[in-house]
Amino acid sequence: MARIINTYKARERLIDSLRIHANRAPVSIIQNDFLPDAGDHCHNGLKVISIINVDTDEDSEAILLFLKKYRCLAIILICNISMRISLKYIRAGALDCLSSSISPDLLLAKCINIFNLMEKSHVDDFTESTNVVLFIDYKKRIVRTIDGTHVKLTISETTLLSLLAERSSECLSRDELLSRNITGNDATYRSLNVLISRLRIKLASITKNTVIDSVRGYGYSLGNGVELSTKRFLG
């Protein structure tokens, strides 16, 4: 499989370093000064990863639109990185959002790992829509898939899901979740971790999609493409 890293507006030092280190791996480096047309970018399908360097806020809007429209596999590099900015790009479809000061060795290693995962997986696993709707009955504390498979939740698990659903476009911090008293009297990070783990196990029994995403060192959010609905719950 051809392995290509497209780079856009990235600094020369990073590109030169990537080229040097890529000599040890079956990867080709292509540098561009602008985002490609959809056809130019997608002709190699899953064999291409784009490294996109974000210089200004003006660039930011164009890149977000590009990610959402063409669903390209891209890693975003940005100088002034923050949790909010990372979430913005990852929710738009980026594979990752990293500091532009990342070492070339680490960046190349991340790309190689992604390529290896692609080769081990069927193309359809990456290209088909991963959107999923779960129907939830808060009163009965039941979550059900469209085919009728369901699981019973505890009060704490139901409350946690409802908070994530109410603010599905945000990441809720662990401190905020604990302040809502969803773990009862034992309001500790450990008790919250146990609650999240238990809920994930239950949800994994009815859907292969990741319903709860983690943002390391911060908190949790509803998984990308996951919708919790009460409109068509099949009682």
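Under the working numbering, the first residue of the sequence shown carries the number 91, and numbering increases by one thereafter.
All C-beta atoms in this analysis are idealised placements derived from N, C-alpha and C, irrespective of residue type, glycine included.
Exercise. Buried or exposed: which applies to residue 249, given that a residue is buried once 16 or more other Cβ atoms fall within 10 Å of its Cβ?
Worked result: Mapped onto the sequence shown, residue 249 falls at position 159. Label assigned to residue 249: buried.
Exercise. Looking at C-alpha atoms only, which residue of 265, 320, 291, 257 is the closest neighbour of residue 314?
Worked result: Working through the sequence shown from its first residue, we reach residue 314 at position 224. Comparing Cα positions, the closest option is 257.
For this session: Since I believe residue 240 is in contact with residue 234 (beta carbons under 8 Å), could you give me their beta-carbon distance rounded to a whole number of angstroms?
Result: As a position in the sequence shown, residue 234 is number 144, starting the count at 1. As a position in the sequence shown, residue 240 is number 150, starting the count at 1. Confirmed, about 4 Å.
Problem set entry | Cα-Cα separation between residue 190 and residue 143, rounded to whole angstroms | Against the sequence shown, residue 190 aligns to sequence position 100. Against the sequence shown, residue 143 aligns to sequence position 53. If you draw a straight line from the Cα of residue 190 to the Cα of residue 143, it comes to about 7 Å.
For this session: Return the CA-CA distance between residue 130 and residue 107, expressed in angstroms with no decimal places.
Result: Taking the sequence shown and counting its residues from 1, the one referred to as residue 130 is at position 40. Taking the sequence shown and counting its residues from 1, the one referred to as residue 107 is at position 17. With a pLDDT of 47 at residue 130, under the threshold of 50, the modelled position of this residue cannot be trusted, and the question is left open.
For this session: Apply the 10 Å Cβ neighbour rule to residue 81 and answer buried if 16 or more other Cβ atoms are within range, or exposed otherwise.
Result: In the structure as shown, the chain starts at 91 and stops at 325, and residue 81 therefore has no counterpart that could be examined.
Exercise. How long is the line joining the alpha carbons of residue 330 and residue 173, rounded to whole angstroms?
Worked result: It is not possible to answer for residue 330, since the shown part of the chain is limited to 91 through 325.
Exercise. Does the region 111-120 come within contact of the region 197-204, defined as at least 3 CB pairs closer than 8 Å?
Worked result: Result yes; three or more Cβ-Cβ pairs closer than 8 Å.
For this session: Using the Cα positions of residue 275 and residue 266, report the straight-line distance between them to the nearest angstrom.
Result: One-based indexing of the sequence shown puts residue 275 at position 185. One-based indexing of the sequence shown puts residue 266 at position 176. Spanning the alpha carbons of residue 275 and residue 266 requires a straight line of approximately 15 Å.
Exercise. Does the Cβ of residue 96 have 16 or more other Cβ atoms within 10 Å, making it buried, or fewer, making it exposed?
Worked result: Here the question's residue 96 lines up with position 6 in the sequence shown. In summary, residue 96 is buried, with 16 or more beta-carbon neighbours lying within 10 Å of its beta-carbon over all protein chains present.
Exercise. Based on the DSSP output, what are the partners of residue 266 in its beta bridges?
Worked result: In the sequence shown, counting from the first residue as 1, residue 266 sits at position 176. Per DSSP, none; premise fails for residue 266.
Exercise. Of the choices 170, 177, 157, whose alpha-carbon is the least far from that of residue 183?
Worked result: By 1-based counting over the sequence shown, the position of residue 183 is 93. Minimum Cα distance to residue 183 is reached at 157.
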